[in-house]
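Q:
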Amino acid sequence: ATTATDSHLHHTLFMQRAISSRRALLPKSSRGLSSVAADWAFPVPVTFGAGRAAELPAKLRERGSNRPLLVADKGLSGTPVVGGLFDSLAAAGLQPRLFGEVDANPTDLNIVAGAAAYREHAADGLVAVGGGSGLDAGKSIAMVAGSGRSLDELEWTRPPVEEMSCPPLVLIPTTAGTGAEMDSAAMYTDTSRRVKFCVAHPGCTAQIHVIADPLLTLSLPPTLTAWTGMDAVTHAIEALSVDSYHPMCDGIALESLRLMHTWLPAAVADGSD
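Note that the working numbering gives residue 753 to position 119 of the sequence shown, counting from 1, and the numbers run on in steps of one.
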């Protein structure tokens, strides 16, 4: 009889062969991620490729947003990355506003202030930029501002709020580790109780579009490249270790580990690689 372990091993070997076969079909010049540009929708729509952050104004307009709130953490908000995105929106005729007051670990106070900024600007969309802090804060702000609900009402263990309204949400990661751009789940710290909570809603996930531009990760210092890279390694190992069977996630996890085994040390050694 075939055991569960045998089935998992056969599945893993199959996925490894499938990935190798798929890569063999690509031209040699296209096997480096720096030369790949692609769009896909798993689990949310993703626009991937070097330089594709330039498509941000068009992506917002496609989704009916002309007055976006741009959210970033305090450490990133004054950098050329955020400044460049803001300028590109303004140059395209959009009317952005920057909310760059997010702490390294987003708090309930950050989110309430961000939701107030969203309403004051009469925003009709939101762009969140950064690592997990900026992305989680942006998603939380979008859920609170769009629904008018409190963070407590949106806490993920509660039944999902009915008739949830969430604005168009473009997430732009600047690290390769957290994966926070891939769903609505967002962590924040309740400053009065000194406890971390998570908010999430499927209605918000449905509004997410990701722009993953590898060029935005080049300015990371080696320490952050290593930390966020090991975060990605952990996610891949977790995906392979869970009891449930998901062939697409398993395949992605295997390919992620293969890529990181080769390229994470190289990226830490040379941030421009």
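Glycine included, C-beta positions come from ideal geometry on N, C-alpha and C.
#1: Identify the continuous beta strand (DSSP E) that holds Val902 and give its terminal residues.
#2: From the DSSP output, which residues share a beta bridge with Leu788?
#3: Would you call the stretch 767 to 783 and the stretch 853 to 864 touching, i.e. three or more CB-CB distances under 8 Å?
#4: Would a C-beta distance cut-off of 8 Å place Ser699 and Lys773 closer than the cut-off?
#5: State buried or exposed for Asp770, treating a residue as buried only when at least 16 other CB atoms are found within 10 Å of its CB.
#6: Would you decide whether Arg656 is buried or exposed? Buried here means 16 or more other CB atoms lie within 10 Å of its CB.
#7: Check whether the Cβ atoms of Cys800 and Cys838 lie closer than 8 Å to each other.
#8: Nearest CA to the CA of Asp903: which residue from Ala870, Ala873, Leu858, Gly885?
#9: Can you tell which of Ala675, Asp877, Ala860, Ala870 has the C-alpha that lies nearest to the C-alpha of Pro899?
#10: Please determine, among Val715, Ser853, Glu796, His835, the residue with the shortest C-alpha to C-alpha distance to Gly905.
#11: I need the DSSP call for Gly768, collapsed to helix, strand or coil.
#12: Going by C-alpha distance, which of Leu728, Leu850, Met882 is nearest Gly765?
#13: Give, in chain order, every unbroken run of the beta strand (DSSP E) that is at least 3 residues long and sits entirely within the stretch 688 to 772.
#14: So, helix, strand or coil for His869, using DSSP?
#15: Do you know whose CA, among Val804, Lys830, Pro855, Ala687, lies nearest Gly718's CA?
#16: Sorted by chain position, which residues of the same chain lie with C-beta nearer than 8 Å to Ser664's C-beta, five sequence neighbours on each side aside?
#17: Exposed or buried, what is Ile871 when buried is set at 16 or more other beta-carbons lying within 10 Å of its beta-carbon?
#18: Measuring CB to CB, does Asp737 end up less than 8 Å from Lys693?
#19: Which of the three DSSP states, helix, strand or coil, is assigned to Ala779?
#20: For the stretch 674 to 685 against the stretch 739 to 756, do three or more pairs of beta-carbon atoms, one drawn from each stretch, fall closer than 8 Å, so that the two count as touching?
#21: Short check: CB of Pro740 to CB of Ser784, under 8 Å?
#22: Helix, strand or coil: how does DSSP classify His642 here?
#23: So what does Leu805 bridge to, in DSSP terms?
#24: Check each candidate in Leu891, Gly885, Trp897, Ile842 and name the one with the smallest Cα separation from Ile806.
#25: The alpha helix (DSSP H) with Cys832 in it runs from where to where?
#26: Strictly by DSSP, which residues pair up with Phe682?
#27: Can you give me the start and stop residues for the alpha helix (DSSP H) that Thr839 sits inside?
#28: Which of helix, strand or coil does DSSP assign to Met908?
#29: Kindly indicate which three-state DSSP category Gly811 falls into: helix, strand or coil?
A: Taking the definition as stated:
#1: Where Val902 is concerned, there is no enclosing beta strand (DSSP E), although the alpha helix (DSSP H) around it starts and stops at 881 to 903.
#2: In the DSSP output, where bridge partners are listed per residue, Leu788 has none listed.
#3: At 8 Å Cβ cutoff, the stretches do not touch.
#4: no
#5: buried
#6: The pLDDT assigned to Arg656 is 44, lower than 50, so where the model puts this residue is not dependable, and the model offers no usable value.
#7: yes
#8: The sequence as given places Ala at residue 903; Asp does not occur at that position. Comparing Cα positions, the closest option is Leu858.
#9: Ala860
#10: Ser853
#11: Judged by DSSP in its simplified three-state form, Gly768 adopts helix.
#12: Leu850
#13: 702 to 707, 731 to 736, 759 to 764
#14: Helix.
#15: Nearest C-alpha to Gly718: Ala687.
#16: Below a pLDDT of 50, predicted positions are generally treated as unreliable, and Ser664, at 39, falls in that range; the measurement from the model is reported next regardless. Val670.
#17: Looking at its Cβ environment, which holds fewer than 16 other Cβ atoms inside 10 Å, Ile871 is exposed.
#18: no
#19: helix
#20: no
#21: no
#22: At His642, the pLDDT of 49 sits below 50, so the modelled position is not reliable and the matter cannot be decided from this model.
#23: Ala762, Val844
#24: Checking every option, the nearest Cα to that of Ile806 belongs to Ile842.
#25: First-last for Cys832: 829 to 833, but that is the beta strand (DSSP E), not the alpha helix (DSSP H).
#26: Ala672, Ala846
#27: In the DSSP assignment, Thr839 falls within the alpha helix (DSSP H) that extends over 836 to 839.
#28: Within the shown structure, residues of the chain are numbered from 635 to 907, placing residue 908 beyond reach of any answer.
#29: coil
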